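The opening residue of the sequence shown carries number 103 in this note's numbering; numbering runs sequentially from there.
For glycine and all other residues, C-beta sits at the position ideal for the given N, C-alpha and C.
In this text, all values refer to a predicted model and were calculated from it rather than measured experimentally.
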Amino acid sequence: MRLFKSTLLATFCLMATFAQAAGLRFISVPVEPGLPMLQAAVWSPCAEEAGEVKFRMTTLPATENCAVSGEKLPLIVISHGYGGSFVSHHDTAEMLADGGFVVVALNHPVDAGAGGDMSRADTLAPFAERPADITRLIDYMLTAWPDHSKLDPENIGFFGFSRGGYTGLVVAGGTPDLRKALALCPENSPKPSCAQLQKNEMPTQSFAHDPRVKALVIADPAFGPLFGPDGLENVKTPIQLWASEHSGEDRTGGEVSFDFVSAIDRDLPAKPDYHIVQGAGHFAFLTPCTPDLAKKRPDICGDRPGFDRVAFHKEFNSAVLAFFRRHLEH
Numbered sequence: 103m104r105l106f107k108s109t110l111l112a113t114f115c116l117m118a119t120f121a122q123a124a125g126l127r128f129i130s131v132p133v134e135p136g137l138p139m140l141q142a143a144v145w146s147p148c149a150e151e152a153g154e155v156k157f158r159m160t161t162l163p164a165t166e167n168c169a170v171s172g173e174k175l176p177l178i179v180i181s182h183g184y185g186g187s188f189v190s191h192h193d194t195a196e197m198l199a200d201g202g203f204v205v206v207a208l209n210h211p212v213d214a215g216a217g218g219d220m221s222r223a224d225t226l227a228p229f230a231e232r233p234a235d236i237t238r239l240i241d242y243m244l245t246a247w248p249d250h251s252k253l254d255p256e257n258i259g260f261f262g263f264s265r266g267g268y269t270g271l272v273v274a275g276g277t278p279d280l281r282k283a284l285a286l287c288p289e290n291s292p293k294p295s296c297a298q299l300q301k302n303e304m305p306t307q308s309f310a311h312d313p314r315v316k317a318l319v320i321a322d323p324a325f326g327p328l329f330g331p332d333g334l335e336n337v338k339t340p341i342q343l344w345a346s347e348h349s350g351e352d353r354t355g356g357e358v359s360f361d362f363v364s365a366i367d368r369d370l371p372a373k374p375d376y377h378i379v380q381g382a383g384h385f386a387f388l389t390p391c392t393p394d395l396a397k398k399r400p401d402i403c404g405d406r407p408g409f410d411r412v413a414f415h416k417e418f419n420s421a422v423l424a425f426f427r428r429h430l431e432h
C-alpha cells in the first residue's frame with residue numbers, strides 16, 4: 103500500500119498543534135530472580151525547548167530529564183532487531199513523543215549490540231526471552247516508573263523491527279513453531295540455534311502474550327515462516343505491517359525476506375495496514391545515520407542508489423504516528 107502525500111500533510115498539520123519537545127530519560131528495570139536488568143530509554147512529551155543529548159556515536163535531539171507534560175498518555179514500546187539498541191529508532195520515538203506519546207525502547211539482554219552480551223544471540227533463547235522482556239518492561243512502566251501515574255494503561259502500543267517484529271507478533275498472541283526454524287538452517291550451519299534444533303533442544307520458557315498491547319507497528323519481521331495461519335490465528339490486534347522490497351538481499355542471516363513478510367500479511371486473520379517500501383533494503387527502517395556512523399557501519403547505513411532514507415523516514419514516521427492515533431485513544 104502506498105503512502106499518500108495527503109496523509110503526510112495532514113499528520114504534519116496535526117503535529118503543528120504541539121509545541122512540545124521530546125524529553126529523554128535513561129532508565130533501568132531492576133534485576134529479578136533469574137532475570138537480568140533491562141536498560142531502556144524513555145521519550146516523553148516535554149514543554150521545554152528541544153536540546154541535545156549525546157549518546158555513544160550519535161546526538162539525540164531531546165531534552166534530558168524533562169518533566170513529563172500531560173496526563174493519561176498512551177505508551178508505545180519499541181523492540182530493536184538483532185544487534186540493535188534502544189536508540190536504533192530514536193527518530194520514530196522522538197516524533198511520537200512530540201505527538202503526545204510516551205515511548206520506551208529497551209535493549210534486549212539476549213541480543214542487544216550496544217556493548218551487550220551477544221553470546222546467546224544466535225541460540226534459541228531470543229524466541230521466548232524477547233516477548234517476556236516486553237511484558238516485564240510494561241509492568242515496570244505502569245507500576246514502578248516514577249511518572250507511571252501519567253500513563254493510560256488502557257492505551258499501549260508496540261513498534262518492532264526485524265527480530266522486534268517477531269517479538270511483537272508473539273506479544274500480540276502469535277505462537278511460533280520453532281521446529282520450522284530448522285528449514286532456515288543452511289547445511290553445516292555454525293549457528294548454535296541450528297545445533298539445538300537438530301538435537302530437539304527447545305526452550306522450556308513459554309511464549310509471553312500481552313493483551314494490554316492494543317495496536318502494533320511491525321517492520322520487516324524476522325522468522326515469518328515459524329507462524330503460518332495456525333500460529334497467527336489468535337492475533338486480532340490492529341497491525342500496521344511494513345516490508346522492504348529488498349530485505350532478503352541484505353545481511354540478515356536468512357531471518358528476513360520479502361516473502362516472509364508477505365506470508366504474514368496473508369496469514370493474519372485480520373488484514374493489516376500493509377505497506378511495501380519500493381527500493382528499500384532491510385536497514386532502511388533504522389534511523390538515518392550520522393556521517394560518522396555511516397563511515398563506521400556502511401552495512402546498516404548504506405542504501406541502494408535512488409533511495410533516500412531521510413525522505414522515507416519523514417513519510418514512515420508520519421504514517422506510524424497516524425496509525426497509533428487511529429487505534430489508541432489520545
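Rounded separation between residue i and residue j - CA only
i      : j      : result
Leu423 : Asp405 : 24 angstroms
Pro390 : Gly215 : 18 angstroms
Arg428 : Glu231 : 30 angstroms
Gln321 : Phe229 : Per the sequence presented here, residue 321 reads as Ala, with Gln not at that position. In a straight line, the C-alpha of Ala321 is about 17 angstroms away from that of Phe229.
Ala285 : Asp352 : 19 angstroms
Lys416 : Lys316 : 24 angstroms
Gly276 : Ala386 : 26 angstroms
Arg281 : Cys296 : 10 angstroms
Gly218 : Pro211 : 7 angstroms
Ala421 : Met220 : 33 angstroms
Ser291 : Pro305 : 20 angstroms
Ser364 : Pro393 : 33 angstroms
Asp332 : Asp254 : 32 angstroms
Gly266 : Ala152 : 28 angstroms
Ala396 : Met159 : 10 angstroms
Ser359 : Phe325 : 9 angstroms
His384 : Phe409 : 12 angstroms
Pro163 : Lys301 : 48 angstroms
Ser190 : Val205 : 13 angstroms
Lys156 : Lys398 : 18 angstroms
Asp224 : Arg314 : 29 angstroms
Leu388 : Thr354 : 14 angstroms
Glu63  : Glu289 : Not covered by the structure: residue 63. The range shown for the chain is 103 to 432.
Residue interval of the alpha helix (DSSP H) (run including residue i)
i      : result
Lys398 : Pro393 to Lys398
Cys296 : Pro294 to Gln300
Gly270 : Arg265 to Val273
Val412 : Arg411 to His429
Pro176 : Unbroken run through Pro176 is the beta strand (DSSP E), Leu175 to Ser181; no alpha helix (DSSP H).
Buried or exposed (CB count within 10 angstroms, at least 16 for buried), residue i
i      : result
Val412 : exposed
Phe128 : exposed
Gln298 : buried
Ser308 : exposed
Gln380 : exposed
Ala207 : buried
Arg368 : exposed
Thr161 : exposed
Gly186 : buried
Glu196 : buried
Ala372 : exposed
N- and C-terminal bounds of the beta strand (DSSP E) containing residue i
i      : result
Asn209 : Val204 to Asn209
Val358 : Run containing Val358: none; DSSP gives neither H nor E here.
Ile290 : Before going further, note that residue 290 is Asn rather than Ile in the sequence given. Careful: Asn290 lies outside any beta strand (DSSP E) and carries neither H nor E.
Within 9 angstroms, strictly: CB atoms of residue i and residue j
i      : j      : result
Trp145 : Leu226 : no
Ala169 : Gly125 : yes
Val337 : Ala274 : yes
Phe260 : Leu175 : no
Ala447 : Val131 : With the chain represented from 103 up to 432, any question about residue 447 goes unanswered, as that position is not in the structure.
Asp375 : Pro340 : yes
Glu347 : Ala382 : yes
Leu328 : Asp279 : yes
Ser264 : Gly183 : yes
Ile366 : Leu271 : yes
Leu140 : Tyr242 : yes
Glu173 : Lys252 : yes
His377 : Leu343 : yes
Phe188 : Ile180 : yes
Asp312 : Thr237 : yes
Extract the residue ranges of the alpha helix (DSSP H) inside the segment 302 to 346, only unbroken runs of 4 or more that lie entirely within it. Listed in chain order, the complete alpha helix (DSSP H) runs (minimum 4 residues) inside the segment 302 to 346 are 330 to 334.
Extract the residue ranges of the beta strand (DSSP E) inside the segment 117 to 173, only unbroken runs of 3 or more that lie entirely within it. Runs of the beta strand (DSSP E) inside the segment 117 to 173: 123 to 131, 140 to 148, 155 to 157 and 160 to 162.
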